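Visitor: Protein sequences appear in the order of chains A and B.
Residue 82 in numbering that gives the first Met the number 0 sits at position 83 of the first sequence, and the numbers go up by one each step.
Residue 99 in numbering that gives the first Met the number 0 sits at position 100 of the second sequence, and the numbers go up by one each step.
What follows is a single structure, and I will ask about it in a moment.
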Amino acid sequence: MGVADGENSSEVGGNSMTKKSLVALGLVLAALITQWSAAEEQEPPDFTGVWTMYLAPGESPFAAFGRGAPALPLTREGQQRRDEYQKLLGPEVANPAAYCVDYGMPSMMEQAGAYPIEFIQKPDQLTIIYEVEGEMRRVYMGERHVPREKRLPTRQGYSEGRWDGDVLVVETTDLTDGVDQMQHPHSDQARIVERFSLGADDKGTKIISYEMSMTDPVYYREPVTAQRKWAPLNGFIIPYRCPDEFWLALLDMRREQLKAGKPVTVRMSDVYKAREAKE
Amino acid sequence: MKRSIFAAAALLSAGIASAHHSAAPFDFTKFVTIEGIVKQFKVENPHTYAVVTVTDAKGTRDVEYEGHSASNFYRAGFTRDSVRPGDKIAILIAPRKDGGDGGFINSFTVNGVTVGFGGLSPSTGKPDASGAATSSAPKQP
């Protein structure tokens, strides 16, 4: 029908222009369908879901963390930064999570503690949520980017993603100078490149393969790398955030004052003093 | 040459779930079981908190305990409100290094139901190294 020539024009009313228009329309539709089919075939992998650390049979979770590899190639400045941080931890040997502070990058992606991680993928954004502290990253994709002058440096940095075939490549910059949960220092010059790809193991279980490389001319002599794999979690992310403890303690102390008919004067410093006295 | 960023930090990861007020005070080289009556039992993040009335040679008193995260205990089978004030409880703890009251909860048993890790780490399945966050803790095997 859409390919009829002029000889058949009279059979449908003799309007050759209409026939030609129909031919043209048919060609356009065919082209669109072809394009649509091609686009469907090239649909990027969807990482959406809740994932947990993937371990091959017999594999140790610590082996997956690169246990046994050589020491980090810190520069003198990097070593000093780390040494100072370790002294700051003092005899308490606490860490950020001990105070309900999130891990920061790159620890967040190491799945330290083996808690699950969630990916929510849209064409213009991949949202990554780690269970601990509900720590979150937004990876901007497509045409959606935050202008450089509008980016607020954070412990997670600013991330942009792009597709390299079926591999999602994420570049993270705009980190604050600091030390993450696992005592990896990074300067504000650090740049992290991650590669996410979707596959399956021998049993057909979906697997996300992950590679990370961090370059930091201030604290590292050479790039440092990490690898990880995730498998789907048969379960849910459990709420973890816990920064309300001291706020609630403050309210409790003020409640006691109210009950006693006294003015509400307790301040957060009083909460800290009360905790210190208790310990 | 590229090197793994995870190498030096592996030992630290085990302490994360349980280091709310630091796991440093506890001795993870040995676990002991204490028994008592639950006064308060909060399975919460970043770690569990309990007050148990204990009676032993030192007398009867309320003792505070800390423990693994709610995330870990819920995934290990804990169900909400399954431990209530007045319940008799047995708790497997890493005791305090200073010999004082208290400890770090690894497992607990109430009404014949045990929830926890039997002295193993919830993240590794190996001997609990929550104390690995401390410089004096034993290394992972």
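The beta carbon of each residue, even a glycine, is placed where N, CA and C say it ideally should be.
Treat the numbers as computed from the prediction; the structure is a model and nothing was measured.
Based on DSSP bridge pairs, tell me the residues matched to Leu197 (chain A).
Guide: DSSP, once it has assigned bridges, lists A:Ile207 as partnering Leu197 (chain A).
Visitor: State yes or no: is the C-beta of Met252 (chain A) within less than 7 Å of the C-beta of Val265 (chain A)?
Guide: Yes; because the gap between Cβ atoms is below 7 Å, this pair is in contact.
Visitor: Rounded to whole angstroms, what's the CA-CA distance from Pro45 (chain B) to Arg74 (chain B)? Just pull it up for me.
Guide: Roughly 14 Å between the two C-alpha positions.
Visitor: Leaving aside the five residues before and after Arg240 (chain A) along the sequence, list all residues of the same chain whose C-beta is less than 8 Å from its C-beta, in chain order.
Guide: Excluding residues within five positions, the ones whose Cβ falls inside 8 Å are Cys99, Glu132 and Gly133.
Visitor: Taking CB distances under 7 Å as the criterion, tell me whether Arg190 (chain A) reaches chain B.
Guide: Output row for Arg190 (chain A): interface = no.
Visitor: On the DSSP letters alone, give me the boundaries of the beta strand (DSSP E) that Glu34 (chain B) sits inside.
Guide: Residues Val31 to Lys41.
Visitor: Report yes or no: is there a C-beta of chain B within less than 7 Å of the C-beta of Tyr114 (chain A)?
Guide: For Tyr114 (chain A), the answer is yes, since a Cβ of chain B falls inside 7 Å of its Cβ.
Visitor: Quick check on this structure: which residue in A:Leu174, A:Pro242, A:Asp200 and A:Thr74 has the alpha carbon closest to the alpha carbon of Leu151 (chain A)?
Guide: Residue A:Leu174 is the option with its Cα nearest to Leu151 (chain A).
Visitor: Who are the Cβ neighbours of Pro94 (chain B) in its own chain at under 6 Å, not counting the five residues just before and after it?
Guide: If we look at Pro94 (chain B) and ignore the five residues flanking it on each side, its Cβ neighbours are Asp26, Val31 and Gly102.
Visitor: May I ask you to report which of helix, strand or coil DSSP gives Asn105 (chain B)?
Guide: Asn105 (chain B) falls in the strand class under three-state DSSP.
Visitor: So with Cβ pairs under 7 Å, would you call Tyr129 (chain A) a contact of chain B?
Guide: Cβ-Cβ to chain B under 7 Å: no for Tyr129 (chain A).
Visitor: Compute the Euclidean distance between the alpha carbons of Tyr157 (chain A) and Thr172 (chain A), then round it to the nearest angstrom.
Guide: Going from the Cα of Tyr157 (chain A) to the Cα of Thr172 (chain A) covers about 5 Å.
Visitor: Can you list, in chain order, the residues of its chain with a C-beta nearer than 7 Å to that of Ser208 (chain A)? Leave out the 5 residues immediately preceding and following it.
Guide: Excluding positions up to five away in sequence, the list reads Ser196, Gly198 and Lys228.
Visitor: In angstroms, rounded to a whole number, what distance separates the CA positions of Ala63 (chain A) and Ala69 (chain B)?
Guide: Below a pLDDT of 50, predicted positions are generally treated as unreliable, and Ala63 (chain A), at 39, falls in that range; the measurement from the model is reported next regardless. Spanning the two alpha carbons is a distance of roughly 24 Å.
Visitor: Taking the alpha helix (DSSP H) that Glu132 (chain A) belongs to, which residues open and close that run?
Guide: Glu132 (chain A) -> no alpha helix (DSSP H), and no H or E assigned at all.
Visitor: Between Gly103 (chain A) and the rest of its own chain, which residues show a CB-CB distance below 6 Å, the 5 nearest in sequence each way excluded?
Guide: Arg154 and Asp179.
Visitor: Val62 (chain B) bridges to which residues according to DSSP?
Guide: Per DSSP, B:Val51.
Visitor: Along chain B, in chain order, which residues have C-beta atoms closer than 9 Å to that of Tyr239 (chain A)?
Guide: The contacting residues are Asn44, Pro45, Ser68, Ala69 and Ser70.
Visitor: Which residues in the same chain as Pro43 (chain A) place their Cβ atom closer than 8 Å to its Cβ, once the five residues preceding and following it in sequence are excluded?
Guide: Closer than 8 Å at Cβ, skipping near neighbours: Trp162, Asp165 and Leu167.
Visitor: Short of 7 Å Cβ to Cβ, which residues in the stretch 98–124 of chain B face chain A?
Guide: Per Cβ criterion, the list reads Ser122 and Thr123.
Visitor: Starting from Gly156 (chain A), find everything on chain B with Cβ-Cβ shorter than 7 Å and list it in chain order.
Guide: Simply none; closest approach about 15 Å.
Visitor: Taking its Cβ as the centre, do 16 or more other Cβ atoms sit within 10 Å of Thr47 (chain B), making it buried, or is it exposed?
Guide: By the 10 Å Cβ count, Thr47 (chain B) comes out buried.
Visitor: Does DSSP put Val178 (chain A) in a helix, in a strand, or in coil?
Guide: It is a strand residue.
Visitor: Kindly identify the DSSP beta-bridge partner or partners of Lys87 (chain B).
Guide: B:Ile36, per the DSSP bridge assignment.
Visitor: Considering only the alpha carbon of each residue, which of B:Ser122, B:Asp55, B:Thr59 and B:Arg83 lies closest to Asn110 (chain B)?
Guide: Of the listed residues, the one whose Cα sits closest to Asn110 (chain B) is B:Arg83.
Visitor: Identify which residue in A:Lys258, A:Pro184 and A:Ser20 has its Cα closest to the Cα of Tyr223 (chain A).
Guide: Inspection of the sequence shows that residue 223 (chain A) is occupied by Val rather than by Tyr. The residue with the shortest Cα to Cα distance from Val223 (chain A) is A:Pro184.
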